[in-house]
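As numbered in full-length UniProt numbering, residues 1 to 259 make up the sequence shown, in order.
Note sheet for the following structure.
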Amino acid sequence: MALLELKGVTKRFGGIVAVKDISFALEQNEIVGLIGPNGAGKTTIFNLITGVYKVTGGKIFFDGKDITDLDPVSIVKCGIARTFQNIRLFNKLSVIENIRTVLFREADYNMVEALFRSPKVTKIEKQLVEKAMEYLKVVELEEYANYRADSLPYGLQRKLEIARALALKPRLLLLDEPAAGMNPEESLMLVDLIRKVKERYNLTIILIEHHMDVVMELCPRIIVINFGEMLIDGTKEEVQSDPRVLKAYLGEEYTYVKG
1 MALLELKGVT KRFGGIVAVK DISFALEQNE IVGLIGPNGA GKTTIFNLIT
51 GVYKVTGGKI FFDGKDITDL DPVSIVKCGI ARTFQNIRLF NKLSVIENIR
101 TVLFREADYN MVEALFRSPK VTKIEKQLVE KAMEYLKVVE LEEYANYRAD
151 SLPYGLQRKL EIARALALKP RLLLLDEPAA GMNPEESLML VDLIRKVKER
201 YNLTIILIEH HMDVVMELCP RIIVINFGEM LIDGTKEEVQ SDPRVLKAYL
251 GEEYTYVKG
């Protein structure tokens with residue numbers, strides 16, 4: 001049984017069809033690239049999977065459960081987390097507080113206990129700090145734990161957003177242009193990080209990315225869409241040689257050299 005399956009998913013905004021009859025499935029532990037020109041409908045697909053938008057037609061299943069009509073919070077509880085094309089951090093909070101805000105859902109105490117700072121509260125909050133630091137260590141941000149989030153360089157903010165998504169303990173992670181704004185060296189480091197978190201947390205990952213070196217290094221399978229419709233769902237070798245993809249997105253002179 002597929003972990004995630006889209007069946008004939010369509011999204012209309014008035015008379016505009018943003019996504020049309022998209023179908024694909026992901027197995028556990030896959031990492032799949034979702035690419036296409038700007039405006040192709042990639043982020044719309046993420047928004048449909050995570051319940052930000054409601055589908056106009058079709059169905060979405062996660063681990064065999066129909067999640068088509070669930071709200072975003074319920075979908076997160078199912079085990080789906082995401083990052084955003086435009087970074088969405090709590091900018092005025094510290095780096096570690098950005099992670100703790102996610103972990104507070106695990107805090108097993110009530111308002112009265114919190115008000116009087118009972119020993120139980122002190123113990124739980126210490127545990128949450130320790131867990132938050134573990135996630136920061138995974139993305140190599142532990143030395144920035146007490147910095148304000150908006151004081152971090154852009155690339156480190158991207159890492160923090162990934163750490164915060166991991167703190168939700170997802171089974172499926174949606175990464176929306178994680179390498180945006182990064183230089184080539186930072187992009188290569190991101191590739192290593194994504195590989196590391198995939199293996200450490202046993203994740204299935206869908207990656208939207210315009211840095212084709214990142215996509216080709218990470219994704220054995222790539223889905224290409226254009227004008228909201230599927231062009232191809234195949235191996236990276238098939239995608240690199242498909243004339244429709246070369247014409248619509250990669251460019252007819254495209255070549256990829258590993259490393």
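Yeah, the Cβ is synthetic: ideal placement off N, Cα and C, and Gly gets one too.
Other residues of its chain near residue i: CB distance less than 6 Å, five sequence neighbours each side excluded
i, result
"G51", "L70, D71, P72, I75"
"A18", "K11, G41, T44, G228"
"residue 330", "The structure shown does not extend to residue 330, since the chain spans only 1 to 259, so no value can be given for it."
"R195", "none"
Between the CA atoms of residue j and residue i - distance to the nearest angstrom
i, j, result
"E143", "T43", "32 Å"
"K11", "D21", "9 Å"
"M216", "E140", "24 Å"
"I67", "P178", "25 Å"
"L89", "L26", "28 Å"
"D176", "F84", "5 Å"
"L172", "S241", "29 Å"
"L168", "G14", "34 Å"
"G33", "C219", "6 Å"
"Y249", "S23", "20 Å"
"I222", "K126", "42 Å"
"V214", "E186", "11 Å"
"V191", "I99", "22 Å"
"M1", "N29", "13 Å"
"A132", "L203", "19 Å"
"T56", "A40", "17 Å"
"S94", "A149", "5 Å"
The alpha helix (DSSP H) enclosing residue i, as first and last residue numbers
i, result
"M212", "212-218"
"E97", "95-103"
"E186", "184-201"
"F46", "42-49"
Own chain, CB closer than 7 Å to residue i, minus 5 neighbours either side, in chain order
i, result
"F116", "Note that F116 has pLDDT 48, beneath the 50 cutoff, so the model's placement of it is unreliable and no number is given."
"K198", "I31, I205"
"V224", "I35, G36, L231, I232, V239, V245, Y249"
"A165", "A81, R82, T83, L173"
Residue span of the beta strand (DSSP E) that contains residue i, given as start and end
i, result
"A81", "80-82"
"E204", "Note on residue identity: the sequence assigns Thr, not Glu, to residue 204. Run containing T204: 204-208, per the beta strand (DSSP E) assignment."
"residue 266", "The structure shown has nothing for residue 266, since the chain only spans 1 to 259."
"T10", "4-13"
"G181", "Careful: G181 lies outside any beta strand (DSSP E) and carries neither H nor E."
"L34", "31-35"
"G57", "57-62"
Buried/exposed call for residue i, threshold 16 Cβ in 10 Å
i, result
"V112", "With a pLDDT of only 48 at V112, under 50, the local geometry of the prediction cannot be trusted, and the value read off the model is given with reservation. Result: exposed."
"K92", "exposed"
"R200", "exposed"
"Y154", "exposed"
"N226", "buried"
"E237", "exposed"
"I16", "exposed"
"K247", "exposed"
Beta bridge counterpart(s) of residue i as assigned by DSSP
i, result
"K169", "Answer by DSSP bridge pairing: none, since K169 is not bridged."
"A25", "E5"
"N86", "Partner(s): none; N86 has no beta bridge."
"V224", "I35, I232"
"D176", "I208"
"residue 264", "No answer is possible for residue 264: the residues shown for the chain start at 1 and end at 259."
8 Å Cβ shell around residue i - same chain, five flanking residues per side excluded
i, result
"C78", "F62, D63, K65, I67, L70"
Residue i CB to nearest heavy atom of the ligand GDP below 7 Å
i, result
"I60", "The ligand GDP is absent from the structure shown, which contains no ligand whatsoever."
Neighbour flag for residue i against chain B, beta carbons, 8 Å
i, result
"G39", "Note that chain B does not occur in the displayed structure, where there is just one protein chain."
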